Every structure is written in structure tokens, then in C-alpha cells.
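Here's the structure, in C-alpha cells; my notes come after.
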Amino acid sequence: MSFNKVKRVKKRRPLGPKSGAVFKCVPDTTKSIWDVDDDLDDSFMSLDESDECEKENASMNKANISFDAKKRLPGSGRESSHRKPKKRRTGCDSPSIRMDSSLHGSTPRSKRGVDSSLHETTPRVKRKTPRKSSIKKRDSSMRKNRLKSQLELKLKKSKEFKDKGNELYAEQDYERAVQAYTEAIMLDGENPVFPANRAAAKLMLGNYREAAVDCELALKLDPSYSRAGVRACRAYICLGDMCKAKEHIRKLADGSSPMQRDAQDLQRQIDAYESLVQEGDQLLIHEKLKECIEVTKKACDIAPGCLRLWLMSLACKLLEAATSGKNAGTVQSIERGIRAELEEVAVTHSAFASDILVPNFYHYGKILLYCALSSEAKILFNVALKISPNDERTKRRVALVKEMESQLNKGASAFTDHRYEDSIRAFDSALRLDKHNLAFNGRLYFRRAAANMSLARYDEAIGDCNNALKMLPQYHKARIRRAHAYLQKGDIKTAVADLERTYEFAPTASVARELKSAKMLLDKQERKERERRVADEYRRARTRERAEAEQRAQQQAESESYFRRQTFAHNRYTSSSSSSNARNRQSENFSSKSNQQQSHYNTRSSAKKANASSSRRKSMDTIMKGTYYEVLGISNRASTNSIKKAYKKRALKYHPDKNRSPTAESKFKRVAEAYRVLKSPKARRTYDLQSMSSARFW
Numbered sequence: 000m001s002f003n004k005v006k007r008v009k010k011r012r013p014l015g016p017k018s019g020a021v022f023k024c025v026p027d028t029t030k031s032i033w034d035v036d037d038d039l040d041d042s043f044m045s046l047d048e049s050d051e052c053e054k055e056n057a058s059m060n061k062a063n064i065s066f067d068a069k070k071r072l073p074g075s076g077r078e079s080s081h082r083k084p085k086k087r088r089t090g091c092d093s094p095s096i097r098m099d100s101s102l103h104g105s106t107p108r109s110k111r112g113v114d115s116s117l118h119e120t121t122p123r124v125k126r127k128t129p130r131k132s133s134i135k136k137r138d139s140s141m142r143k144n145r146l147k148s149q150l151e152l153k154l155k156k157s158k159e160f161k162d163k164g165n166e167l168y169a170e171q172d173y174e175r176a177v178q179a180y181t182e183a184i185m186l187d188g189e190n191p192v193f194p195a196n197r198a199a200a201k202l203m204l205g206n207y208r209e210a211a212v213d214c215e216l217a218l219k220l221d222p223s224y225s226r227a228g229v230r231a232c233r234a235y236i237c238l239g240d241m242c243k244a245k246e247h248i249r250k251l252a253d254g255s256s257p258m259q260r261d262a263q264d265l266q267r268q269i270d271a272y273e274s275l276v277q278e279g280d281q282l283l284i285h286e287k288l289k290e291c292i293e294v295t296k297k298a299c300d301i302a303p304g305c306l307r308l309w310l311m312s313l314a315c316k317l318l319e320a321a322t323s324g325k326n327a328g329t330v331q332s333i334e335r336g337i338r339a340e341l342e343e344v345a346v347t348h349s350a351f352a353s354d355i356l357v358p359n360f361y362h363y364g365k366i367l368l369y370c371a372l373s374s375e376a377k378i379l380f381n382v383a384l385k386i387s388p389n390d391e392r393t394k395r396r397v398a399l400v401k402e403m404e405s406q407l408n409k410g411a412s413a414f415t416d417h418r419y420e421d422s423i424r425a426f427d428s429a430l431r432l433d434k435h436n437l438a439f440n441g442r443l444y445f446r447r448a449a450a451n452m453s454l455a456r457y458d459e460a461i462g463d464c465n466n467a468l469k470m471l472p473q474y475h476k477a478r479i480r481r482a483h484a485y486l487q488k489g490d491i492k493t494a495v496a497d498l499e500r501t502y503e504f505a506p507t508a509s510v511a512r513e514l515k516s517a518k519m520l521l522d523k524q525e526r527k528e529r530e531r532r533v534a535d536e537y538r539r540a541r542t543r544e545r546a547e548a549e550q551r552a553q554q555q556a557e558s559e560s561y562f563r564r565q566t567f568a569h570n571r572y573t574s575s576s577s578s579s580n581a582r583n584r585q586s587e588n589f590s591s592k593s594n595q596q597q598s599h600y601n602t603r604s605s606a607k608k609a610n611a612s613s614s615r616r617k618s619m620d621t622i623m624k625g626t627y628y629e630v631l632g633i634s635n636r637a638s639t640n641s642i643k644k645a646y647k648k649r650a651l652k653y654h655p656d657k658n659r660s661p662t663a664e665s666k667f668k669r670v671a672e673a674y675r676v677l678k679s680p681k682a683r684r685t686y687d688l689q690s691m692s693s694a695r696f697w
């Protein structure tokens, strides 16, 4: 081959993809079977392992160079992807070699004038391609080794993080301990010790719900891990979820569990918590706020993260604000703050604790409603509906509260308009709505008693007050209203007893005034009763005396008649000498005259005494009918001290308790009236002017 041809060949257009000349092919970029298998575990490869794979791919691509060259047809640069690859052939008898030689001449390329070193091809050696099964076996063994080494490394690092977390926990650095345990869990998520240890650290931080989740994860990995069960039980007790805590206690109470003593301690805590919660609810229903707050604090020591206890404390605050007697503005500001706190908790906890919040909101809303705090109860009901708008029980309770309030307002407006019958009917319909709401029904009975008293139905009013006191024993207003009904009936003694009992529990000024006036009425009634008894006794004594006098007179008359009969018979049948008879007659005449004189003298003296007493009585009666000065026995120029002394003297004399005379009470009233007028200078001056104008001079 000449040089020119060689030069011509060099200057020829470079062989492109459309040329059919034989040239060295670049490695194929399509993925082989090896590459596809490796792609499954690229995330587990290290840098050294990927270099080894690249070397193996290069050797495989070299073996496929000639095969890729045969796939091209003359005059086309595209690969015949629609044809199946044929088996590789070696030597110059290949059809592709013959086709190439026919295109460039009949002579082979080695005999042309071109330098053979430029176009000489490398000798083609037949190589064995690796089988797919062997490749997969080798790949799986390598992958297993890599995974084993990586797993050992991860386990080692996770143990280091766990030891670090234990050290931080011992140092009471619980936040960093949680971080260390989290790193250990990320490296080894199958070890139940790591989430259990993280739960212990979260318990110390007060993250009870997250601690419970970690304990559940540890128990899911190892159900026989009793320590995780104990920590889960403690977390649920702190949250107040006693149902789940009891489930874990039942598992721990098994005979094979090594934590039986811890389970017994936890069971005692649960029992104490439940008893305290029940006691607190009862105290709240009976409106005993101080005792309820103390019980709530004791329960919070057992379950510091319990939402129910938090709601109980807020219910106590609402009840205290409503019953404290503060002004409306202060009460409304307190209620707004509590409502905001409730809504904030509802928003933050409703995502994971709606099943706990909604029943507790309903429960304490119902308690406030049963304490006759409907507006405060509606706050809790509305927050519960925000958490769970489809809660049918809360919806029914809200509708019932609205109906109760409407009937109550209807009855109150009718009472204000003096339509007492309509008011009673409205209260009757309200009483039929909720028979279990004792506080609301007791107040309804109290209002209906007022309507019955306005209609002068005192017996019905007393019955309504009795029903109100049965439902609310500490409802002092009902007892006061019952006392008023007894006063209207005339049973003053029972009214005073009611007022005295009310004053023992509620010693207010208004109750004291009513009690004082009732006692005055009772004293007046008792005095009248005493006077009536005295008058009755006096009448009975007079009647008895008259009967005795009549009996004595009758006996005397009978004895006199008997004596006369005996004397007449004796004088008739007896005879005596005339001298003796004369002397006897003289003596008898003398004795009879003396007896007549003596009896006349006695009659005159007794008449004088009777006339004196009657005149004295008439003079006192006349004095009592005279002026106030004459009543007190003073002059019209007497000083105030003289008036006071005279009043004391006359009051002691005519007081009904000391003077048994029937007219003593009227005289005592006259003396008191005179003293009331004369002790005041202004009233005395007015009285003197009136006396002068009427021309009454005494």
C-alpha cells in the first residue's frame, strides 16, 4: 500500500455512525444484569464496594465490544435493536468481515498500501461470559457480608448511645438522656430496652403521654418485658387513664411476672385515686368548695397529668366565682379567663385526647348544671361540642338547658306582671323537664311558693318550701320563706324556730332583724295567752267562790231554819217559872240587842272599806283617763329625769307579769304611751300646744 493511499485514507472523512467500516467500539452504556442487581442495594454500599463493581462492569463491557460492532449494518449508524444478538464468531470468515472487505475492495486490508499498523485489529480471543446464577450467588454473599458488618457496627453504636443515656439519666439530665436513647432507637429499633429507658426519662420530665407510647412500643417488641409494663402503668396513672393502667396491672399480676409487688403498689394508687375523685365530685355537688379543693390537690399528687382533675379544679373556680357574691364584672372576667383556658386545652389536646376530654367536659358541665349554674355549665358543654360536634349526648343536654331556662324566664316574667296562676303553670312545666336536677327543681319550688303566698295559699307555700329544703337542705331562703308563711298563718312559734336555725347557718343582718321582730310578736302572743289564761282562771275562781258562797248561804239558811224549828219545839213543850222566864227574856233581849249593834257596826265598817277601795279604784281609772302628766303622776313642768323616774315606777307597778289585775295591761300601755310622748322635747311641746288649744286644764 502506497503512502498516498495512506494519506488519502487519513484525510478521508472520519468514520461516523453512518459508515460501515470496522472500528473500535466504545463500551455499551446499557445496564447489564450485574448493574440491575446492584441497584437493589445501593443504599447499603460503601465507597470501596462501588469501585469493585465498576471494575467488574468494565471487564464485562470489553467482552461485549465485538458483539456491539456486529449489530451495526452497513450504511446505518443506528443499532439494530429489533434483532436478536447472535453468537460471537472469530476469524476472518465472519460475514461482517467479508462485507467490509467487499466495500473497500477485494483485497484484504492487510495487503493494501496503507500501513497495516493503522488498521490492524487485535486478535479476537473467545471468552466465557459469566452466568447469571453465579453472579447472583456472588452478589448475595457479598451483600450478606456487608449487611452483617453494618449491623454489627450499628449495634455497637446503639449500645454506646444507650450507655451514654444511662449515664445522663443517673446525672438527672433527662433531656439529653432522651436524645441519647432516641439515637439508639434510630440505630436499633428492635431492642425493647431503648424505648423503655426513654419512657423512664420522659416520665421524669412529665411527658406522660409520650412515655406511655414508648412503653407500648417496648411491649410490642417484647410482650414479656415486665419493666416496660410497670412504666406504662405509671404513665397511665399519671394521665388519669385508669382503665389502661388496670389492663397492665392484670398482666403484671400473673404468677410468672417478677413485678408483682410493684403491681400491688400501683393498684393501691389506683384505688386511692378513684376514692378521691368520687369524694371530690360529691363535695362539688354539695358546693363544699374548700374540701373539694383539698381533695383535688391530694388526687393531683397521684395523677399530676390528669385532665379530669384539671377540669374539677376549673369547675371549683367557676362555682366559687358564682357563689362568692362578687360584682357581675368580676365574675364575668373570671368566666372569660376560664373559658379561654378550656378552649386552649381543647385545641391542643383534642387531636389525641378527645375520647378523654369530651366525657369529662360533659361530666363536670352536668355537675355545674346540678349546682344551678346553667351559664357556667354551658361553657363546658360548648367546649365539648367544639371538640366533638357530633356528640349526641352533649347536644341533648344543651337543648334541655335552653328549655329549662326558657320556662324559668317565662314563670319569672309572669310573676313580675302579677299573673300568679300563669307563673305557677310555667314552674310546673319546668319541674317536669329534669327530675334528677335537684338544685334547679329546688329553686323552682322556692319560686312557686312565692306565687302561692301571693295568692294567700299558705299551706301550699309551706309544702313547696318543704320540697325545696328536701332537695337543698342548705337553701336558707326557702326556710325564711316558710317562716313568713307560718307568720301569716299565725304559727309564730314555728316561724321563730325556722328563723333561729337560719341565723345559726347564715348570721346576716336581715335574718337578725326578722328574727327580732318575730320574737317580739311571739312575746306579745305569749303575753296575750298568759292574760287569757289568767282571765280564765279568775273567772273560774269567781265562779267557784260564788258557788261556795251560795253553798255556805244555803247551809247557813238550813242550819238557821233547823235551829228555829228546834227552838220553837223546845219552847212549846218546855215550861219554866215566870221569874226565870222573865230573866231569860231580859238576858235574851240584851244579847240580841248587843248582837244587833255588833252586826250593825261590822256592816258599817265593811261598807266603809268597800267604798274606800271603790273610790280609790275610780280615782286611778280617772287618772289613767287624764293627761299624760297625770298618768305618770308628775307636773307639767317636770324635767326629763323626773319623767323617766316616774315612768319606771309606774311601769313596775302595772306590768302584766307583776300585776294580775285584768286592767293592768291597758294601764301599762297608757303609761308607755305617756312616756313615749313626754320623753321627746319636740313631741312634748306639740302635746302641750294641743292641750292648750283644746282648753283642757287638769
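Numbered by numbering that gives the first Met the number 0, the letters in the sequence shown go through residues 0 to 697 in order.
For each residue, glycine too, the CB sits at the ideal point set by N, CA and C.
All of these numbers come straight from a predicted model, not from anything done at the bench.
When Cβ pairs closer than 8 Å are counted between the two stretches, the region 537–551 is seen not to touch the region 509–522, the count staying below three. Of the candidates Ala438, Thr415, Arg447 and Arg683, the residue whose Cα lies closest to the Cα of Arg424 is Arg447. Judged by DSSP in its simplified three-state form, Tyr224 adopts coil rather than helix or strand.
Between Ile461 and Ala484, the CB-CB gap stays under 8 Å. With three or more CB-CB distances shorter than 8 Å, the region 471–488 counts as touching the region 437–444. For the 8 Å CB-CB criterion, Ala429 and Ser422 do not form a contact. The three-state reading of DSSP puts Asp240 in coil, since its state is none of H, G, I, E or B. The Cβ neighbour count for Ala199, taken over all protein chains shown within 10 Å, is at least 16; the residue is labelled buried. Residue state for Gly364 is assigned as helix, using DSSP reduced to three classes. Taking a C-beta distance under 8 Å as the contact criterion, Tyr235 and Ala244 qualify as a contact pair.
At least 8 Å separates the beta-carbon of Ala314 from that of Tyr272.
The DSSP assignment places 241–251 and 259–284 as complete runs of the alpha helix (DSSP H) inside the region 238–292, in order along the chain (cut-off: 4 residues). Annotation: Arg175 to Leu238 spans about 24 Å, alpha carbon to alpha carbon. Put simply, the region 625–645 touches the region 674–681. At least three CB pairs are less than 8 Å apart. Taking the Cα of Thr501 as reference, the smallest distance to any Cα among Met519, Lys488, Ser225 and Lys476 is reached at Lys476.
Taking all protein chains shown into account, Asn451 has 16 or more neighbouring C-beta atoms within 10 Å of its C-beta and is therefore buried. In the three-state DSSP reduction, Ala494 falls in the helix class (H, G or I). In the structure shown, Leu152 adopts helical secondary structure according to DSSP, grouped into three states. Residues of the same chain with a CB within less than 7 Å of the CB of Tyr627, apart from the 5 flanking positions on each side, are Ala673, Val676, Leu677 and Tyr686 in chain order. Between Leu341 and Val382 the beta-carbon gap is near 5 Å, inside 8 Å, which marks them as a contact. Boundaries cannot be given for Glu170, as no alpha helix (DSSP H) includes it and DSSP labels it neither H nor E. Boundaries for Ile633: no alpha helix (DSSP H) harbours it, and the DSSP string shows neither H nor E there. When the Cα atoms are used, Asp240 and Arg142 turn out to be separated by approximately 48 Å. Pro194: member of the alpha helix (DSSP H) spanning Val192 to Leu204, first to last residue. Under the Cβ criterion (8 Å, minimum of three pairs), the region 399–408 counts as touching the region 372–379. In this structure, Ala217 sits near Ala195, with a CB-CB distance shorter than 8 Å.
With respect to the 8 Å criterion, Tyr369 and Asn465 are not classified as neighbours on the basis of their beta carbons. Following the DSSP letters along the chain, one finds Cys464 inside the alpha helix (DSSP H) bounded by residues Tyr457 to Met470. One Cα belongs to Ile337, the other to Leu520, and the distance between them is close to 49 Å. Contact between Ala467 and Ala482 does not hold, since their C-beta atoms are separated by about 13 Å, which reaches or exceeds 8 Å.
Assigned with DSSP and collapsed to three states, Ser690 falls in helix. The alpha carbon of Ile491 has as its nearest neighbour, out of Asn389, Gln524, Glu503 and Glu459, the alpha carbon of Gln524.
Counting along the chain, Lys377 sits inside the alpha helix (DSSP H) bounded by residues Ser373 to Ile386.
Ser148 counts as exposed, since fewer than 16 other C-beta atoms from the protein chains shown sit within 10 angstroms of its C-beta. Taken through DSSP and simplified to helix, strand or coil, Thr181 comes out as helix.
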